[in-house]
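Residue numbers (this note's numbering), protein chains in the order written: chain A, 1132 to 1377; chain B, 1132 to 1377.
The beta-carbon is built from N, C-alpha and C at its ideal position, and this holds for glycine as well.
The model shown is predicted, which means the values in this text are computed figures rather than measured ones.
Number of protein chains: 2
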Amino acid sequence: MKVPKYYLVKREIQRLIADLPVGAVLPTERELAEQLETSRTTVRKAISELVVNGRLERTQGRGTFVARPKLMQLRPLTSFSQDLAAEGWRPGSKMLEIDVIEADEELARHLQLTPGAPVHRVTRLRTQEEEPIALEIAHLPGPLPGLAEEMAARGSLYRTLAEAYLIDLDAVEDTVETTLADPETANLLGIEVGLPLLLVHRTAWDAGGRPVEWTRSLFRGDRFRFVARHRLRDTEHPASAGATRP
Amino acid sequence: MKVPKYYLVKREIQRLIADLPVGAVLPTERELAEQLETSRTTVRKAISELVVNGRLERTQGRGTFVARPKLMQLRPLTSFSQDLAAEGWRPGSKMLEIDVIEADEELARHLQLTPGAPVHRVTRLRTQEEEPIALEIAHLPGPLPGLAEEMAARGSLYRTLAEAYLIDLDAVEDTVETTLADPETANLLGIEVGLPLLLVHRTAWDAGGRPVEWTRSLFRGDRFRFVARHRLRDTEHPASAGATRP
DNA sequence: GGCCCGGATTGGTCTATGCCAATGTGCAAT
DNA sequence: ATTGCACATTGGCATAGACCAATCCGGGCC
């Protein structure tokens, strides 16, 4: 199989940083190009993949550094802060905006509303050791008077829903897919444009089966792992699935 | 916010292909560079992001084409073939290799074995309308005499485990994260090196709590969405999570 | 000491260009 | 009609070089 040169350079750099401690600075791109007998363009392509992989971080004007390897796990049936706290992380949250918008087509569908209905929107930046790791936009239907104040008093969205509005969640569904950081998101998360992100949509229902939350979250793809665990009942046992061939 | 030129070019091309049918061919990179008054390098960078997004596909010597948008959903508690069949897709599977290997450190940990213990390895290429969409490597502990023949007779791994070896799954855990296609995987999946993939690890246990499967799957990140749905019991209710602030 | 400014350093973007590799086409030979 | 080969086309890889923007550092100034 033909392996392009930038990929060999990538492995070379990987070997180079294997022995370096976290935070160590790499040679400059110009130096690496000379040492590895290639062009700066090729070095940059190799480094870019390592940045996407989460192995390196770079800042204009400063340099390229060995990134702290840290993989945080998220469980669908728990809350963001609960998840991270359980793993010994120190989660934080920065409120960006609370406002009321009119539901568009998609939003109305997920929350079982008619388009144009008012929906509360809560935009937050989730942080970890002061470092942004996720952008979260929650949509909540129905009247929630004083939401901003109640949220400010409690911090946690779920706690606010339960205590201030007596809304208890009964079921949640998460979908996980990948996307790329656009300039705005990259700016908020402090990462490069084009880095892969985990795009998570969460819908939550109350005991009556009414949707009470539809949230869109963007996580750094190189920092998170999503975990789902299930017990199987016989009726949905995998072994009962049809044969693989059509 | 400063937006680089290749990002503007990306939007321009996005506008261009919005009106084109699936499979339509784009102008060549050299033509686009001229029309948009930029260099071919910049055009390529823009196109590359659209390829990563799943909007475009390109083949050396042929051209760049509008990709078929198709997002398939995967549910953790069902099998691969069951998932896709339920959505009206026509899943297939191509056996690449069945062999027995010695468990390394990681594998032994997941299957609760001692390193060096023999483990069956089943490597398959999952397909969809003859198109490869996932690379799946299953690891199965314990003696499974005649595994290759039993698999060949049934097609489905889970069905084989249940019918031929009386192994019934009781619980599964999936983890989902992102990674990049290395040259080997890209070759097997017929995609470009460096495309983001969904890396899914599945562990399955039998009723006795013994691990019976540890599988590593690589899905095209632009084609799949992972779905997890849960009912909440009070003891693990999100509202009981700690406050957001540390 | 503290502040400000200018220059050096480093990554970020863009251009222009050359060659390679895969593909498709059309003509010629059989 | 089929095969085979040369050639044009198109994307893939790599280079060299220029300029921009963020950062850092040190000297000079208050």
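Exercise for the section: Check the Cβ-Cβ distances between A/Phe1357 and every residue of chain B, and say whether any is below 8 Å. Expected result: yes
Problem - Contacting residues, own chain, Cβ-Cβ under 8 Å from B/Thr1316 (five flanking each side not counted) - result: Leu1266, Leu1328, Leu1349
Exercise for the section: Have a look at A/Leu1187, A/Val1134, A/Arg1142 and flag the residue whose alpha-carbon is nearest the alpha-carbon of A/Val1153. Expected result: A/Leu1187
Practice task
Please name the residue, chosen from A/Lys1225, A/Leu1205, A/Leu1157, A/Met1203, that lies closest to A/Thr1195 on a Cα-to-Cα basis.
Solution key: From the listed residues A/Lys1225, A/Leu1205, A/Leu1157, A/Met1203, the smallest Cα separation to A/Thr1195 is found for A/Leu1157.
Exercise for the section: Please confirm if A/Ala1311 has its CB atom under 8 Å from at least one CB of chain B. Expected result: Per the sequence presented here, residue 1311 of chain A reads as Leu, with Ala not at that position. Chain B contact via Cβ: present.
Practice task
In angstroms with no decimal places, state the Cα-to-Cα distance between A/Ile1298 and A/Gly1286.
Solution key: Approximately 16 Å, taken between the alpha carbons.
Exercise for the section: Could you please give me the residues that DSSP links to B/Met1203 through a beta bridge? Expected result: B/Phe1355
Practice task
Just mark B/Asp1353 as buried or exposed, buried being the case when its beta carbon has 16 or more other beta carbons within 10 Å.
Solution key: Around the Cβ of B/Asp1353, a 10 Å sphere holds 16 or more other Cβ atoms; the residue is buried.
Handout entry: Cα-Cα separation, B/Val1250 to B/Arg1257
Key = 21 Å
Practice task
Consider the Cβ of B/Ala1302: report whether some Cβ of chain A lies at a distance smaller than 8 Å.
Solution key: yes
Practice task
Using the Cα positions of B/Ala1234 and B/Ala1248, report the straight-line distance between them to the nearest angstrom.
Solution key: 5 Å
Practice task
Compare the beta carbon distance of B/Thr1306 and B/His1241 with 8 Å and say whether it is the shorter of the two.
Solution key: The answer is no: Cβ separation not under 8 Å.
Practice task
Give a yes or no on whether the C-beta atoms belonging to A/Ala1293 and B/Ala1359 are separated by under 8 Å.
Solution key: no
Practice task
Hey, could you find the ends of the alpha helix (DSSP H) A/Glu1165 is sitting in?
Solution key: Residues 1160-1166.
Exercise for the section: Name the residue from B/Gly1223, B/Thr1172, B/Glu1160, B/Gln1166 whose alpha carbon lies nearest to the alpha carbon of B/Arg1193. Expected result: B/Glu1160
Problem - A/Glu1280 versus B/Phe1355 - alpha carbon distance - result: 39 Å
Exercise for the section: Can you pull the chain A residues whose beta carbon is under 9 Å from the beta carbon of B/Glu1387, in chain order? Expected result: Residue 1387 of chain B lies beyond the stretch modelled for chain B, which goes from 1132 to 1377, so this question has no answer here.
Practice task
Thinking A/Glu1344 and A/Val1182 are a contact (beta carbons under 8 Å), I'd like their distance in whole angstroms, please.
Solution key: Their Cβ separation, rounded to whole angstroms, is 34 Å, which puts A/Glu1344 and A/Val1182 out of contact at 8 Å.
Practice task
Classify A/Lys1133 as helix, strand or coil using the three-state DSSP reduction.
Solution key: coil
Handout entry: Inter-residue spacing [alpha-carbon to alpha-carbon] between A/His1332 and A/Leu1271
Key = If I take the Cα positions, the gap works out to 14 Å.
Practice task
Can you pull the chain B residues whose beta carbon is under 8 Å from the beta carbon of A/Glu1180, in chain order?
Solution key: Leu1311, Gly1325
Exercise for the section: Flag A/Val1183 as yes if its beta-carbon sits less than 8 Å from any beta-carbon of chain B, otherwise no. Expected result: yes
Practice task
Tell me whether the beta-carbon of A/Ala1177 lies closer than 8 Å to the beta-carbon of A/Tyr1137.
Solution key: yes
Handout entry: Neighbour list for A/Val1134 in chain B, Cβ cutoff strictly below 7 Å
Key = Pro1314
Problem - chain A contacts from the region 1135-1161 of chain B (Cβ-Cβ distance under 8 Å) - result: Residues Pro1135, Tyr1138.
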